[in-house]
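Visitor: Residue numbers (the numbering used here): 19 to 74.
We treat Cβ as the ideally placed atom computed from N, Cα and C, and that holds for glycine.
(1) Tell me the rounded alpha-carbon separation between residue 59 and residue 68.
(2) Could you check what DSSP says for residue 31 in three-state terms: helix, strand or coil?
(3) Between which two residues does the alpha helix (DSSP H) containing residue 73 stretch?
(4) Less than 8 angstroms between the C-beta atoms of residue 70 and residue 28, yes or no?
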């Protein structure tokens, strides 16, 4: 499944650091995530939104 593979990628050190930066930005106020995916519900932005909302 895409979301599981992407979550695994986010555990890699460089990507985990980038995710922490997004968390810090989100804590400071609204954060807009964009995607060019033809299927937004299964995009990287959707997975990130779940994680940042504490659902992941």
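Guide: Taking the geometry as given:
(1) Spanning the two alpha carbons is a distance of roughly 11 angstroms.
(2) Here residue 31 sits in helix by DSSP.
(3) Counting along the chain, residue 73 falls outside any alpha helix (DSSP H), and DSSP gives it neither H nor E.
(4) The answer is no: Cβ separation not under 8 angstroms.
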